[in-house]
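One structure is given here, and the rest of the page talks about it.
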C-alpha cells in the first residue's frame, strides 16, 4: 500500500479530532470539578490533548479552520470522546478507556518510522500520566463506597459499547489493531477487576454497538458541543487576543 | 557531523540565556529546550526549539523572547522553529538547572538510570532481592528541608510538568517537576 500525503492528512484528522474533542470535553469541567486538585488535573490533561491536536491538525491543514469551521459530519473522531462528561465516574471511565487505547496506539507509532512517530514518541509519555490518573480513580471509586462503586460500574457499562470503534483500522495509521485490542481488553479488564468492578459484557462491535465517528456520523450531544466550541470563532471571524 | 560556527555558538548562548517564561529561575539552556541555531548569511538565523509538553503554552512566549534577544544581538531575520524529535525529557535539564529548581522550592525531576552498560553481579542464590522499580527510581526529596518522607497530593499541579506533593516532616507543600 502506498501511503500518500492525502492518506496521512486524513489519518492525522482522525487522531487529531479525537484529541481535540476530548480536550474540549475535559475543559468543560473547569469550575465544576469535585475538588481543586481534580480541576487542575483535568485541565492539564485537556492541555496535553490540545497540544497533540494542534500538531495533528496542522498535518491535515490549517488548525483553526479545521477546529472551528467544520460541520459535524466532517469530524472524524471516535464517538467515545464526544460523549458528555456525565457524572465524575463517567468522565473517569471515558478517560480509562481512551487513555489505555491512546497509550497503546502511540507506543506502537513511536516505535515505527512513519509520519506520526515524532509526535507519538513525545505524547506517549504524557498519556502515561493520563492513564495512571484514570486508573487510580477507577480503583478508588470502584473499591470505594457502595455509591461510588455503583456509579463507576454504571459508567463503565454505559460507555462499553463505544469501545469497539477504537480498533477499527484507520487508513494511513500503521498499527496492529487486533493486537492492540487484545492488549487493551487485558489491561482495562485487569484494572476493572482490581477495582472490584465487573467487566461489562455488552456488545462492543456489530449492530448493537455504537461507533461510526470515523465515518463522520456522530451522536446527538456532539452537535451541541460543537456549537459551543465554535460559537466565538464563527461570531467574530478573525478575532484574536 | 554538523559543525557550529563561532557566531552560532554565541547566538546559542544568547538564546540559551533567555529565562523560561513560567519558571523564570531557569534559563532555556538549563531547561534543555534549545536544540540548535543555524545562521544563514550575515543576519538571518533559524532557532530550533522543542516543547517540554506537546501542549505547553509557554512555547510561544519563549519564541517571542528568543526573537527579541537575538534581534538585540544584531540579527534581523529570525525564525524559531518547533521541533519534536528528539523528544525533550526531564533528563535534559542541566545540573545547574536542578540546583536552581530546588532553591526555588521545586523538587527537581529524578534522573533515570542512563542507558548503556550496567554492572552485572551474581545476586544472592537463595533469597530474592526486590526488583528495582523503574517507575520510581528514588524518593522525591522535600526542596525545603531535604526530607525523603514526602507524599503525593495530586498528580497534576500548577503546570502540566509538575505534580503537587507535601513534606511529612516540615509539612510544607511543594511542586515536583515530574519525570518525562
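Residue numbers (full-length UniProt numbering), protein chains in the order written: chain A, 1 to 241; chain B, 1 to 180. All C-beta atoms in this analysis are idealised placements derived from N, C-alpha and C, irrespective of residue type, glycine included. Nothing here was measured: the structure is a model prediction, and the numbers come from that model.
N-terminal and C-terminal residue of the beta strand (DSSP E) that residue i is part of
i	result
residue 158/B	From DSSP, residue 158/B is part of no beta strand (DSSP E); its letter is neither H nor E.
residue 72/A	Premise fails: residue 72/A is in no beta strand (DSSP E) and is neither H nor E.
residue 78/B	77-82
residue 152/B	150-154
Beta-carbon neighbours of residue i, restricted to chain C and to distances below 7 Å
i	result
residue 154/B	Checking the listed chains, one finds no chain C in this structure; the protein chains it contains are A and B.
Bridge partners - residue i, DSSP secondary structure assignment
i	result
residue 34/B	49/B
residue 175/B	106/B and 164/B
residue 40/B	44/B
residue 19/B	27/B
Under 8 Å between C-beta atoms of residue i and residue j
i	j	result
residue 143/B	residue 106/B	yes
residue 88/A	residue 17/A	no
residue 197/A	residue 152/A	yes
residue 163/B	residue 180/B	no
residue 79/B	residue 46/B	yes
residue 237/A	residue 82/A	no
residue 52/A	residue 119/A	yes
residue 26/B	residue 20/B	yes
residue 30/B	residue 100/B	yes
residue 35/B	residue 83/B	yes
residue 42/A	residue 20/A	no
residue 98/B	residue 48/B	no
residue 180/A	residue 108/A	yes
residue 77/A	residue 213/A	yes
residue 56/A	residue 117/A	no
residue 154/B	residue 40/A	yes
residue 211/A	residue 199/A	no
Per-residue contacts from residue i into chain A (C-beta, under 8 Å)
i	result
residue 160/B	44, 47, 48 and 126
residue 84/B	55, 118, 119, 121 and 122
residue 145/B	Per Cβ cutoff of 8 Å: no residues; residue 145/B is ~23 Å from chain A at best.
residue 36/B	Correct list: empty, because the minimum Cβ distance to chain A is about 16 Å.
Interface residues of chain B facing residue i [CB-CB closer than 9 Å]
i	result
residue 64/A	The contacting residues do not exist; residue 64/A stays about 14 Å from chain B at best.
Among the options, the one whose alpha carbon lies nearest that of residue i
i	options	result
residue 44/A	171/B, 98/B, 13/B and 158/B	158/B
residue 122/A	131/A, 110/A, 115/A and 154/A	110/A
residue 10/B	75/B, 56/B, 20/B and 32/B	75/B
residue 101/A	63/A, 182/A, 9/A and 215/A	182/A
residue 164/A	127/A, 37/A, 79/A and 91/A	79/A
residue 230/A	67/A, 54/A and 29/A	67/A
residue 42/B	167/B, 66/B, 48/B and 6/B	6/B
residue 141/A	194/A, 32/A, 235/A and 59/A	194/A
residue 145/B	169/B, 55/B, 71/B and 68/B	169/B
residue 129/A	104/B, 150/B, 160/B and 109/B	160/B
residue 8/A	65/A, 114/A, 73/A and 54/A	114/A
residue 217/A	203/A, 204/A, 162/A and 192/A	162/A
residue 96/A	145/A, 132/A, 168/A and 176/A	132/A
Contacts of residue i in chain A (Cβ-Cβ under 7 Å)
i	result
residue 157/B	40
residue 87/B	121 and 122
residue 32/B	Going along chain A, no residue has its Cβ under 7 Å from residue 32/B, so there is no contact; the nearest lies around 14 Å.
Within chain A, partners of residue i - CB distance below 9 Å
i	result
residue 16/B	In chain order: nothing, as chain A lies at least about 21 Å away.
For residue i, the first and last residue of its enclosing alpha helix (DSSP H)
i	result
residue 44/A	36-60
residue 242/A	Nothing in the structure corresponds to residue 242/A, since chain A is present only between 1 and 241.
residue 163/A	That residue, residue 163/A, is in no alpha helix (DSSP H); it is neither H nor E in DSSP.
residue 198/A	Unbroken run through residue 198/A: none, as it is neither H nor E.
residue 58/B	58-72
residue 130/A	117-142
residue 27/A	5-27
Contacts of residue i in chain B (Cβ-Cβ under 8 Å)
i	result
residue 129/A	155, 156 and 178
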